């Protein structure tokens with residue numbers, strides 16, 4: 001179902017010529033800002049951060065997919081089906097992390113080439129499994145945002161925008177997590193993207209395998225945390241909707 | 001198959017504020033009725049009568065404030081999961097389908113959610129598409145479908161889990177007469193299969209054509225539950241007379257129309273056959289005597305139709321859709 005909808009969102013041409021170039025331009029903007037600062041390694045730091053962040057941005061579209069269920073009247077039918085709502089939604093928008101993964105990899109590869117980055121091409125290929133991990137963890141987080149949007153449809157734009165802002169601001173995309181005050185630094189440790197991005201940086205900078213694996217493990221932990229919270233929230237939203245009558249047929 | 005006992009549902013008006021009493025609206029007020037296995041049961045009532053609230057509770061989308069509802073032998077509050085596996089839900093209107101994908105993909109998705117064996121999902125979708133006459137359009141995006149086709153797909157979607165109880169919430173609303181007729185024919189087939197069907201509708205013809213029994217509701221209360229064929233008896237008085245005039249009795253017809261007790265005379269399909277509507281209904285006897293005195297020998301007192309019962313019990317507002 002999820003992947004059946006993908007061709008109705010993008011064609012191969014609109015994805016490559018339109019979407020990836022648009023994302024690449026956004027990442028390029030920040031990379032050029034990094035170059036303007038003149039600080040050593042700042043360009044590479046922002047190149048990796050913004051390329052990996054692409055996957056997080058695209059997974060956030062699951063929120064729009066969820067809200068569409070409200071508008072097209074399928075949400076109440078999902079509620080009265082025998083399926084678990086949380087699991088349905090975790091599967092419902094899987095095309096977004098898949099497409100985000102492809103976009104992120106394309107942007108990372110292209111910008112690495114354009115800026116003659118110090119890492120090898122095979123290191124970029126090796127980063128792919130880590131990007132998959134980031135796609136999964138940010139998708140679980142985005143599904144939680146989707147649940148909030150479903151409950152309060154009038155905030156359907158605010159929630160995903162805020163969710164995306166939290167990730168790009170605090171998870172080490174443009175500045176290190178240590179830049180922020182202590183409470184925000186700790187918040188970032190619980191957010192998806194932080195550890196996955198750190199793992200990619202370690203890999204591309206030739207860091208020890210153990211540090212790559214440690215960060216990858218922490219990212220898996222974050223994915224599990226956000227998946228659990230998403231399932232719990234969907235259950236509570238459906239229960240509240242059944243109590244207050246907000247789950248309309250039409 | 002469906003047992004509803006003293007079912008109540010109220011809704012708070014406005015936002016819930018701490019330590020504040022909220023005015024409430026009563027959508028269902030001690031509603032009780034039962035639907036035996038295999039029966040097609042109509043719930044009739046005007047907008048806001050509580051029909052959709054009732055369907056929402058029975059389909060597990062809403063919890064009742066008090067009372068009990070049992071569907072397919074299981075409580076809708078405490079055994080929600082079991083009930084959901086045994087019911088199908090179809091509502092009217094343009095919504096409830098994934099427009100950008102095909103009819104086949106829609107059904108395959110829902111079949112997966114209804115835990116149809118993955119090896120049988122494609123076959124099930126194909127069988128349902130065949131059943132509702134959409135095989136030729138199975139792989140087109142649903143957004144290209146007409147209103148009638150969408151509703152047939154909706155019905156197929158409702159049948160994807162092979163439910164023993166089917167809820168149809170105003171399924172033909174907004175459909176053109178031909179499409180509505182086709183849809184009713186499909187529902188008639190399901191009825192013949194012995195499925196239990198609960199249908200809400202504004203359309204009296206639809207209720208008469210499909211339902212074994214009907215329940216009239218208004219302001220959240222049950223007014224009457226009766227066999228569709230016998231519902232006219234609830235008024236306890238005839239509403240008019242069907243007559244057949246001889247060809248030479250055209251003057252009699254003219255005089256009849258001018259009687260103060262006659263509201264209108266309607267021509268029926270047969271030659272020289274007419275339906276005399278009396279006002280008040282109790283004046284049937286007076287009019288009958290007049291007809292006999294004027295040599296009309298073929299006449300039959302007609303019990304009230306479902307629509308007349310509906311209008312009498314609910315009032316004219318009930319016909320406003």
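Chains as they are written, first to last, in the numbering used here: chain A, 1 to 250; chain B, 1 to 321.
Ideal Cβ placement from N, Cα and C applies to all residues, glycine included.
Predicted model, so just to flag it, every value in this text is computed and none were measured.
Going by other Cβ atoms of all chains shown within 10 Å of its Cβ, with 16 needed for buried, is residue i buried or exposed?
i	result
residue 321 of chain B	At residue 321 of chain B the pLDDT is 44, less than 50, meaning the model places this residue with poor confidence; the figure from the coordinates comes in the next sentence. The residue in question, residue 321 of chain B, is exposed, as its Cβ has fewer than 16 Cβ neighbours within 10 Å.
residue 24 of chain B	exposed
residue 86 of chain A	buried
residue 118 of chain A	exposed
residue 248 of chain B	exposed
residue 251 of chain B	exposed
residue 75 of chain A	buried
residue 285 of chain B	exposed
residue 300 of chain B	exposed
residue 124 of chain A	buried
residue 165 of chain B	buried
residue 318 of chain B	Caution applies to residue 318 of chain B, whose pLDDT of 49 falls short of 50 and renders its modelled position unreliable; the value that the coordinates give is listed next. With 16 or more other Cβ atoms within 10 Å, it is buried.
Residue i lies in the beta strand (DSSP E); which residues open and close that run?
i	result
residue 169 of chain B	165 to 169
residue 240 of chain B	240 to 244
residue 88 of chain B	87 to 91
residue 221 of chain B	221 to 227
residue 44 of chain B	40 to 44
residue 201 of chain B	196 to 201
residue 178 of chain A	Taken as a continuous stretch (DSSP letters only), residue 178 of chain A belongs to no beta strand (DSSP E), as it is neither H nor E.
State the Cα-Cα distance for the pair residue i and residue j, rounded to the nearest angstrom.
i	j	result
residue 254 of chain A	residue 43 of chain A	For chain A, the structure presents residues 1 to 250; residue 254 of chain A sits outside this window and is missing.
residue 105 of chain A	residue 52 of chain A	8 Å
residue 236 of chain A	residue 148 of chain A	11 Å
residue 12 of chain B	residue 27 of chain B	11 Å
residue 185 of chain B	residue 36 of chain B	22 Å
residue 45 of chain B	residue 32 of chain B	15 Å
residue 180 of chain B	residue 51 of chain B	20 Å
residue 57 of chain B	residue 86 of chain B	15 Å
residue 1 of chain B	residue 233 of chain A	33 Å
residue 143 of chain A	residue 75 of chain B	31 Å
residue 264 of chain B	residue 126 of chain B	52 Å
residue 79 of chain A	residue 92 of chain A	14 Å
residue 219 of chain A	residue 132 of chain A	11 Å
residue 221 of chain A	residue 193 of chain A	11 Å
residue 122 of chain B	residue 71 of chain B	29 Å
residue 325 of chain A	residue 216 of chain A	Because chain A spans 1 through 250 in this model, residue 325 of chain A falls outside it and cannot be assessed.
residue 128 of chain B	residue 34 of chain B	29 Å
residue 72 of chain A	residue 95 of chain B	5 Å
residue 98 of chain B	residue 18 of chain A	25 Å
So the alpha helix (DSSP H) residue i belongs to, where does it begin and stop?
i	result
residue 300 of chain B	Where residue 300 of chain B is concerned, there is no enclosing alpha helix (DSSP H), although the beta strand (DSSP E) it sits in stretches over 298 to 302.
residue 277 of chain B	Unbroken run through residue 277 of chain B is the beta strand (DSSP E), 273 to 278; no alpha helix (DSSP H).
residue 70 of chain A	62 to 71
residue 263 of chain B	Here residue 263 of chain B belongs to no alpha helix (DSSP H); instead the beta strand (DSSP E) covers 262 to 267.
residue 6 of chain B	Where residue 6 of chain B is concerned, there is no enclosing alpha helix (DSSP H), although the beta strand (DSSP E) it sits in stretches over 2 to 12.
residue 122 of chain B	121 to 131
Against chain A, with Cβ distances strictly below 8 Å, would residue i count as a contact?
i	result
residue 59 of chain B	yes
residue 199 of chain B	no
residue 63 of chain B	yes
residue 345 of chain B	Only positions 1 to 321 of chain B appear in the structure, and residue 345 of chain B is not among them; the question remains open.
residue 300 of chain B	no
residue 105 of chain B	yes
residue 11 of chain B	yes
residue 243 of chain B	no
residue 98 of chain B	yes
residue 29 of chain B	no
residue 153 of chain B	no
residue 95 of chain B	yes
residue 334 of chain B	Because chain B is modelled from 1 through 321, residue 334 of chain B falls outside the range shown and cannot be assessed.
residue 81 of chain B	yes
Using a Cβ-Cβ cut-off of 8 Å, state whether residue i counts as contacting chain B.
i	result
residue 235 of chain A	no
residue 4 of chain A	yes
residue 86 of chain A	no
residue 64 of chain A	no
residue 33 of chain A	no
residue 73 of chain A	yes
residue 153 of chain A	no
residue 12 of chain A	no
residue 207 of chain A	no
residue 79 of chain A	yes
residue 245 of chain A	yes
residue 138 of chain A	no
Count the CB pairs spanning the stretch 106 to 117 of chain B and the stretch 143 to 151 of chain B that are closer than 8 Å, and state whether there are at least three. The stretch 106 to 117 of chain B, when compared against the stretch 143 to 151 of chain B, does not touch it at the 8 Å Cβ threshold.
At least 3 beta-carbon pairs within less than 8 Å: the stretch 87 to 94 of chain B vs the stretch 133 to 143 of chain B: no
Any contact between the stretch 134 to 141 of chain A and the stretch 184 to 202 of chain A? By contact I mean 3 or more CB pairs, one from each, below 8 Å. yes
Decide if the stretch 53 to 61 of chain A is in contact with the stretch 159 to 169 of chain A; the criterion is three or more beta carbon pairs, one per stretch, under 8 Å apart. yes
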